[in-house]
Amino acid sequence: MRRTIACLSLVLLLSSCSWFHRVSPGAFEVHARELAARWQGSADDRAWREGFVPLEAMNPRGWARVGRVPHWVNISAHNGAWQLATKLPANSPTHADVRWPDGSASQVPLITAASAYTEFSKPADFIEEDCPTKGCRPLRVAGAELGEVPLKTSRGTIQVPAWLFTVEGVEQKYVHVAVAPSAVTARPERVPGGDEEVMAFDLIADKPNELLLEYGYGACDSIHGARAYETDQLVVVDVDEEGSDELCLLMLKTATITVTLTRPLGDRLVLDYGTGLPVVRGVRRR
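The numbers in the sequence shown follow my numbering, run straight up by one, and end at 286.
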């Protein structure tokens, strides 16, 4: 059982931490049963399976991923040095369909291009440096069109409507997701005091009853295997780890391990034992 997160850092330092002891199989099953009961049928469960739950920032002040944006452009955007040099579309659609990986579709409300411009043209909350005279130029918006961009959600990666703004002198479009906030459900919160244990999972093509788990551990941790608690709707997974009282490098490492289920995962959700939250599919391949 991993209880080391509070003592781990990416900074290489020598220190000692007081680790918790391993959790027995019986205690694991009791807590996993509680997590499954808490999640199953909850509002978070329904939103995760049927709603619109983004797993990444919808609008991280980003430009379309085409080439490299000049340094002055990011400084200008950070400082809110925007100028509207055109009339923005006035007769844009109020709703649009988004299609999910399973083939289903949902209709979501959209914001106007003017609303999107109002949102992103504000300066950042915390400005590290003022606009230098020679390094911060006005960002003149010359047009906007409704397009699509990929977004990771609890139901998979989808294409979502987005306003693509043309800026004079900049090759890339400035992107602002057009989905209205009223359609979005925030990512659920972890159980109080919980630390993430399993970061991601994947299926194994030739072993349908096994899952590949990605997890974090400390330099002096001992790994005793992985375990799972199963219901008809959920699988709670855990990597059984044990810490040490000796001096260790404060460095979080990652690795993968497999866990065997009683039957293939199917459409069941995978929950992390530490946080009580769903684990996203997609182990980073090394």
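Just so you know, even glycine gets a beta-carbon here, dropped at the ideal spot from N, CA and C.
Residues near residue i in its chain [Cβ-Cβ closer than 6 Å; skip 5 each side]
i	result
Ser-106	Val-98
Gly-216	Leu-252 and Thr-254
Ala-295	Summary: the structure shown does not reach residue 295, with the chain confined to residues 1 through 286, and so no result is reported for it.
Val-198	Leu-213, Tyr-215, Val-237, Asp-272 and Val-279
Thr-287	Nothing can be reported for residue 287: it is not among the residues displayed for the chain, which extend from 1 to 286.
Ser-222	Glu-242
Met-58	Val-177
His-224	Asp-240
Trp-82	Ser-121 and Leu-139
Leu-88	Ala-113, Ala-114 and Ala-144
Own chain residues within Cβ distance below 7 Å of residue i, not counting five before or after
i	result
Leu-55	Lys-152, Thr-153, Ser-154, Arg-187 and Val-280
Val-283	Ala-200, Phe-201, Asp-202, Leu-212, Glu-214 and Thr-256
Arg-190	Thr-275, Gly-276 and Leu-277
Arg-33	Tyr-229
His-95	Gln-107, Val-108, Pro-109 and Leu-110
Asp-260	It is worth fixing the name first, because residue 260 is Thr in this sequence and not Asp. Only Asn-209 and Glu-210 meet the Cβ criterion.
Thr-112	Ser-92
Arg-268	Gln-233, Leu-234 and Val-235
Thr-118	none
Gly-156	Trp-100 and Pro-101
Leu-146	Ser-92, Pro-161, Trp-163 and Ala-178
Pro-264	Pro-208 and Asn-209
Where the alpha helix (DSSP H) containing residue i begins and where it ends
i	result
Ser-76	71-78
Ser-115	113-120
Gly-26	25-39
Glu-241	Premise fails: Glu-241 lies in the beta strand (DSSP E), 234-242, not in any alpha helix (DSSP H).
Arg-49	43-50
Where residue i sits in the DSSP three-state scheme
i	result
Trp-82	strand
Leu-267	Before going further, note that residue 267 is Asp rather than Leu in the sequence given. If DSSP states are grouped into helix, strand and coil, Asp-267 belongs with coil.
Pro-161	strand
Pro-181	helix
Leu-277	coil
Val-53	coil
Leu-203	strand
Leu-92	Note that residue 92 is Ser in the sequence shown here, rather than Leu. Of the three classes helix, strand and coil, the one that applies to Ser-92 here is coil, per DSSP.
Asp-272	strand
Gly-62	coil
Ile-5	Reliability of the predicted coordinates at Ile-5 is poor, the pLDDT of 41 falling under 50, and the value obtained from them is presented with this limitation in mind. Helix at Ile-5.
Arg-190	coil
Arg-68	coil
Val-283	coil
Asp-125	coil
Arg-99	strand
Gly-156	strand
Val-175	strand
Val-170	coil
Close beta carbons around residue i, own chain, < 8 Å, minus the five adjacent residues each side
i	result
His-290	As displayed, the chain neither begins before 1 nor continues past 286, which places residue 290 out of reach and without an answer.
Thr-262	Asn-209 and Glu-230
Gln-159	Val-98, Arg-99, Glu-148, Val-149, Pro-150 and Leu-151
Ala-47	Val-53, Ser-154, Thr-185 and Pro-188
Val-170	Trp-63, Val-69, Pro-70, Val-73 and Leu-139
Ile-204	Glu-210, Leu-211, Leu-212 and Thr-258
Where the beta strand (DSSP E) containing residue i begins and where it ends
i	result
Glu-210	210-217
Val-149	139-153
Val-290	Here the chain has residues from 1 to 286 only, and residue 290 is not among them.
Arg-227	222-230
Ala-255	253-260
Spell out a yes or no on whether the region 212-232 and the region 168-177 are touching, meaning 3 or more CB-CB pairs, one atom from each, closer than 8 Å.
no
Between the region 182-201 and the region 160-171, do three or more beta carbon pairs fall short of 8 Å?
no
Could you check whether the region 71-88 touches the region 112-123, counting it as contact only if at least three pairs of C-beta atoms, one from each stretch, sit closer than 8 Å?
yes
Is the region 100-117 touching the region 42-49 in the sense that three or more CB pairs, one from each, lie closer than 8 Å?
no
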